[in-house]
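There are 2 protein chains.
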Amino acid sequence: MSDSITGQEIERLIQLLARLPGLGPRSARRAALHLIKKKDVLMAPLADAMVEAVENVVTCSTCGNVDTSDPCTLCTDHRRDRNTIIVVEDVSDLWALERAAVLNASYHVLGGVLSPLDGVGPEDLTISALVDRVAQGGVKEIVIAVNATVEGQTTAHYITDQLEDFTVSISRLAHGVPVGGELDYLDEGTLSAAMRSRTKF
Amino acid sequence: MSDSITGQEIERLIQLLARLPGLGPRSARRAALHLIKKKDVLMAPLADAMVEAVENVVTCSTCGNVDTSDPCTLCTDHRRDRNTIIVVEDVSDLWALERAAVLNASYHVLGGVLSPLDGVGPEDLTISALVDRVAQGGVKEIVIAVNATVEGQTTAHYITDQLEDFTVSISRLAHGVPVGGELDYLDEGTLSAAMRSRTKF
Chain X
711 MSDSITGQEI ERLIQLLARL PGLGPRSARR AALHLIKKKD VLMAPLADAM VEAVENVVTC
771 STCGNVDTSD PCTLCTDHRR DRNTIIVVED VSDLWALERA AVLNASYHVL GGVLSPLDGV
831 GPEDLTISAL VDRVAQGGVK EIVIAVNATV EGQTTAHYIT DQLEDFTVSI SRLAHGVPVG
891 GELDYLDEGT LSAAMRSRTK F
Chain B
711 MSDSITGQEI ERLIQLLARL PGLGPRSARR AALHLIKKKD VLMAPLADAM VEAVENVVTC
771 STCGNVDTSD PCTLCTDHRR DRNTIIVVED VSDLWALERA AVLNASYHVL GGVLSPLDGV
831 GPEDLTISAL VDRVAQGGVK EIVIAVNATV EGQTTAHYIT DQLEDFTVSI SRLAHGVPVG
891 GELDYLDEGT LSAAMRSRTK F
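If you read the protein sequences in the order shown, they are chains X and B.
Just so you know, we're using our numbering here: the first sequence kicks off at 711 and counts up by one.
Just so you know, we're using our numbering here: the second sequence kicks off at 711 and counts up by one.
As structure tokens, then:
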């Protein structure tokens with residue numbers, strides 16, 4: 711769309727919105743128009759929320775979570791079990807595990823997975839910081855909760871190697887049939903993993 | 711997600727993003743995380759763009775377009791044909807027609823279509839403003855470019871009735887096969903309209 715149709719401000723808003731994940735050029739235009747129509751009840755508060763987030767949100771220097779304080783709310787929470795660290799790829803995974811409220815543990819955000827093809831090596835992740843946390847003592851269990859992809863599994867193996875010298879128990883998430891899932895739609899790998907790890911009824 | 715996991719600022723950002731069309735709760739979280747990760751290159755400029763849009767974007771009092779000036783760029787453009795007015799439901803339709811660059815004409819944004827079930831009557835749309843524009847003289851043709859829905863067609867008929875007393879030619883967009891469309895996938899209504907309006911080869 712040329713600048714002659716809409717003001718440059720609107721055009722710029724559309725272009726920036728289009729860079730959000732899940733929004734393409736067309737849906738960005740729709741979102742921009744929606745924002746303009748709800749200028750006072752949506753666009754102004756959203757702009758405020760962003761300005762505040764830009765100013766206040768920091769990455770926790772201990773676990774890699776994003777929060778408004780460093781160390782983050784999770785790292786300073788005394789009810790959390792600090793003997794167990796759940797290792798995740800990304801903050802979104804941390805959020806997902808917290809929503810499921812699966813384990814009252816601490817976290818460690820890697821910031822990605824090892825991927826030689828994409829040029830991501832161990833020094834690009836927070837693996838050495840994890841080793842430091844374990845070296846400080848007190849950590850009894852590391853749960854590696856990375857995605858079940860080839861890169862995720864490679865990363866899990868690398869971390870296990872790095873932690874070899876410590877007396878820490880290392881576990882990973884179980885493979886199996888998703889709750890509510892239908893066998894018919896599952897891939898062979900998942901099915902055979904679920905069969906191998908079958909549990910007594 | 712409870713406030714104990716993420717700061718209230720992040721939670722508020724997610725909730726506001728979820729109100730954008732095309733973003734649900736899950737994709738809003740993803741978008742928020744993306745914004746936080748690209749704080750300086752994306753979130754800060756987007757916040758700025760929104761603040762500017764909140765301050766500067768206005769609705770054109772002549773045609774109903776949104777722009778940074780009133781009357782809008784289109785209404786003040788002297789190269790535009792002011793004898794022809796294209797009537798559209800929404801600003802997004804105006805943008806779509808401008809992208810296609812179909813007709814160098816003026817516009818009139820209705821702000822919706824007549825819909826008794828949703829409680830939208832003629833007084834909720836800018837129909838009387840359109841009649842006023844025609845009454846001022848100089849307008850030779852009105853192209854009614856509303857959606858081909860029942861409500862759209864009802865609105866088109868209502869507008870035609872209102873303009874009965876003026877010597878203005880009223881037309882509507884042609885029905886037919888979309889360019890690149892396959893007959894197999896078209897509904898009977900479109901096919902029969904395309905057949906009725908068949909043109910000499």
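Positions of the beta carbon are idealized from the N, C-alpha and C atoms, including for glycine.
The structure presented is a predicted model; accordingly, all values stated were derived computationally and were not measured.
Legend entry - Runs of alpha helix (DSSP H) wholly within the region 720 to 804 of chain B (minimum 4 residues, chain order): 735 to 747, 754 to 766 and 783 to 786
Legend entry - Residue burial classification, B:G774 (beta-carbon count within 10 angstroms, cutoff 16): buried
Legend entry - Validate contact between the region 727 to 738 of chain X and the region 780 to 791 of chain X using beta carbons, cut 8 Å, 3 pairs: no
Inset, instruction - Output yes if chain X places a C-beta closer than 8 Å to the C-beta of B:S714; else output no. - result: With a pLDDT of 46 at B:S714, under the threshold of 50, the modelled position of this residue cannot be trusted, and the question is left open.
Legend entry - Within 8 Å, strictly: CB atoms of B:A855 and B:H885: no
Legend entry - Cβ-Cβ distance between B:D777 and B:V768 below 8 Å: yes
Legend entry - Proximity below 8 Å, CB of B:K749 to CB of X:V764: yes
Legend entry - Cβ contact check for the region 868 to 888 of chain X and the region 836 to 855 of chain X: 3 or more pairs under 8 Å: yes
Legend entry - Buried versus exposed, by CB contacts within 10 Å (16 or more), X:A742: buried
Legend entry - Candidates B:P826, B:L804, B:Q846 and B:A810, of which the one nearest B:S816 by Cα: B:L804
Legend entry - For X:L835, the nearest candidate out of X:D871, X:V823 and X:E874 (CA to CA): X:V823
Inset, instruction - Using the Cα positions of X:L807 and B:G891, report the straight-line distance between them to the nearest angstrom. - result: 46 Å
Legend entry - B:E874 classed as buried or exposed, judged by whether at least 16 other C-beta atoms fall within 10 angstroms: exposed
Legend entry - Whether X:L726 touches B:P755 by CB criterion (8 Å): yes
Legend entry - chain B contacts made by the region 772 to 783 of chain X, where a contact means CB separation under 7 Å: V776, D777, T778 and T783
Inset, instruction - Out of X:T877, X:N814 and X:D800, point me to the one whose CA is closest to X:D787's CA. - result: X:N814
Inset, instruction - Count the other CB atoms, across all protein chains shown, that sit within 10 Å of the CB of X:A866; report buried if there are 16 or more and exposed otherwise. - result: buried
Inset, instruction - Take the Cβ of X:G862 as the centre, count every other Cβ of all protein chains shown within 10 Å, and call the residue buried at 16 or more, exposed below. - result: buried
Legend entry - Extent of the continuous beta strand (DSSP E) run through X:S879: S879 to R882
Legend entry - Minimum length 4: unbroken alpha helix (DSSP H) runs contained in the region 813 to 853 of chain B: 837 to 845
Legend entry - Counted within 10 angstroms of its Cβ, other Cβ atoms place B:G829 as buried (16 or more) or exposed: exposed
Inset, instruction - With 8 Å as the threshold, decide whether the Cβ of X:V801 is near any Cβ in chain B. - result: yes
Inset, instruction - Label B:R809 either buried or exposed according to how many other C-beta atoms from any shown protein chain fall within 10 Å of its C-beta, with 16 as the threshold for buried. - result: exposed
Legend entry - Beta-carbon neighbours of X:N766, restricted to chain B and to distances below 8 Å: G717 and E719
Inset, instruction - Specify the secondary structure class of X:A810 as computed by DSSP and reduced to three states. - result: helix
Inset, instruction - Indicate whether B:V812 and B:V801 have their beta-carbon atoms separated by less than 8 Å. - result: no
Legend entry - Interface residues of chain X facing B:S825 [CB-CB closer than 9 Å]: Under the 9 Å cutoff, chain X gives no residues; its nearest Cβ is about 17 Å from B:S825.
Legend entry - Beta-carbon proximity list for B:L840, same chain, < 6 Å, skipping 5 on both sides: H818
Legend entry - Where X:R906 sits in the DSSP three-state scheme: helix
Inset, instruction - Just tell me which of B:T794, B:K747, B:V860 and B:A904 has its CA closest to the CA of B:V889. - result: B:A904
Inset, instruction - Within 10 angstroms of the Cβ of B:E898, are there 16 or more other Cβ atoms? Answer buried if so, exposed if not. - result: exposed
Legend entry - Helix, strand or coil at B:T859 according to DSSP, with G and I counted as helix: coil
Legend entry - C-alpha distance - B:V860 paired with X:S825, whole-angstrom precision: 54 Å
Inset, instruction - Take B:V887 and list the residues in its own chain whose beta-carbon comes closer than 8 Å to its own, dropping the five residues that flank it on each side. - result: L893, L896, T900, L901 and A904
Inset, instruction - Quick one: using the 10 Å Cβ neighbour count with 16 as the cut-off for buried, is X:R722 buried or exposed? - result: buried
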